[in-house]
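First residue of the sequence shown: 0, per numbering that gives the first Met the number 0; consecutive thereafter. Cβ atoms here follow ideal geometry from the backbone N, Cα and C, with glycine treated the same way.
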Amino acid sequence: MQGRIHSIESFGTVDGPGTRFVVFLQGCPMRCAYCHNPDTWEMNGGTLMEPKEIFEQYRRNKGFYKNGGITVTGGEPLLQIDFLIDLFTIAKKEGVHTCIDTSGITYKAHNTAWVKKLDKLMELTDLVMLDIKHIDAVKHKELTEQPNEDILDFASYLNEKHVDMWIRHVIVPGYTDDDKYLFDLGYFIGQFSNLKALDVLPYHVMGEAKYKELNMEYKLAGVPAMDKDKAAEKRRVILDGVKKRRSEPGQPH
């Protein structure tokens with residue numbers, strides 16, 4: 000089994016708990032307007048590597064990851080689910096904390112063969128970082144060119160499987176900063192007992208230069224970066240939605 004690897008980061012500090020070995024996989028069906036890695040989109044790019052090769056790289060600096068582990072991101076890592084199963088099987092035999100950073104876009108509840116593989120993968124996964132781009136279906140499609148129904152179903156699936164979940168949400172001025180939708184997002188995720196953290200990330204413009212290098216149109220040209228203090232305020236709006244949901248009978252506390 001080989002995976003198509005875009006790149007590897009040896010000392011990641013924002014991709015799960017602790018210091019982490021971060022593997023970026025190639026391929027993604029999403030076309031997020033603010034994506035800063037458009038070079039991961041195509042499935043046939045990257046370098047072919049075997050899981051054992053990657054784990055050997057992890058092992059070389061194992062001492063640095065005692066409070067961290069391995070995170071696989073992308074692109075969309077769940078496009079290469081067989082590769083993930085093999086890599087995480089090796090990792091769990093060594094007692095390594097495993098994390099997947101995903102948009103959840105590949106989840107299809109009716110695809111029983113794929114869900115069976117996903118069930119196996121989740122048995123090997125300690126944490127899923129789920130990036131919900133927008134809670135509103137129409138605005139989500141405008142922002143990513145993909146619907147969000149399967150993504151929201153994936154969040155419910157993770158809760159049913161008792162897999163720890165961190166929610167990530169990028170605050171983009173004029174696109175994802177509306178308080179109504181932020182509250183709705185919080186209300187949605189507030190129902191889940193497996194919710195362990197909420198990361199609200201301020202939009203930045205650092206990816207714009209890469210689009211120029213690749214001779215690609217940057218859809219958000221001219222949109223300013225989100226102020227960190229303002230993003231913190233928006234996080235509180237999401238948390239208000241979480242609290243509202245959890246104040247209702249039968250909800251987790």
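Could you check whether Arg244 and Gly189 sit closer than 8 Å to each other, using their CB atoms as the reference points?
Yes, these two residues count as a Cβ contact at 8 Å.
Sequence ranges, beta strand (DSSP E) only - wholly within the stretch 49-98, length at least 3
Counting only runs of 3 or more, we get 68-72.
Proximity winner among Glu75, Glu144 and Met215, relative to Trp40 (alpha-carbon distances)
Checked all of Glu75, Glu144 and Met215; the closest Cα to Trp40 is Glu75.
Length at least 4, wholly inside the stretch 163-214: the alpha helix (DSSP H) runs in chain order:
If we require 4 residues or more, the alpha helix (DSSP H) runs fully inside the stretch 163-214 come out as 178-188 and 207-212.
Any idea if Thr111 is buried or exposed, counting beta-carbon neighbours within 10 angstroms, 16 or more meaning buried?
Exposed, because fewer than 16 other Cβ atoms sit within 10 Å of the Cβ of Thr111.
To which residues of the same chain is Lys49 closer than 6 Å at the C-beta, ignoring the five residues directly before and after it?
The sequence as given places Glu at residue 49; Lys does not occur at that position. The answer, listed in chain order, is Gln1.
If you draw a straight line from the C-alpha of Gly221 to the C-alpha of Tyr33, how long is it?
Distance between the alpha carbons of Gly221 and Tyr33: 12 Å.
Output needed for Gly15: all residues of its chain with C-beta closer than 8 Å, excluding positions within five of it in sequence on either side, in chain order.
Only Gly67, Gly68, Thr70, His96, Cys98, Asp100, Leu126, Met128 and Trp165 meet the Cβ criterion.
Looking at the secondary structure, which residues open and close the beta strand (DSSP E) in which Asp130 lies?
Per DSSP, Asp130 belongs to the beta strand (DSSP E) from Leu126 to Asp130.
My output table needs one value for Thr18: the three-state DSSP class, helix, strand or coil.
It is coil, neither helix nor strand.
Judging by CA-CA distance, which residue of Leu238, Pro172, Phe10 and Lys195 is the nearest neighbour of Asp226?
Taking each of Leu238, Pro172, Phe10 and Lys195 in turn and checking the Cα distance to Asp226, the smallest one comes out for Pro172.
What first and last residue would you give for the alpha helix (DSSP H) that runs through His240?
According to the sequence as given, residue 240 is Gly; it is not His. Following the DSSP letters along the chain, one finds Gly240 inside the alpha helix (DSSP H) bounded by residues Lys227 to Arg245.
According to DSSP, residues forming a beta bridge with Leu142:
DSSP lists no partner for Leu142.
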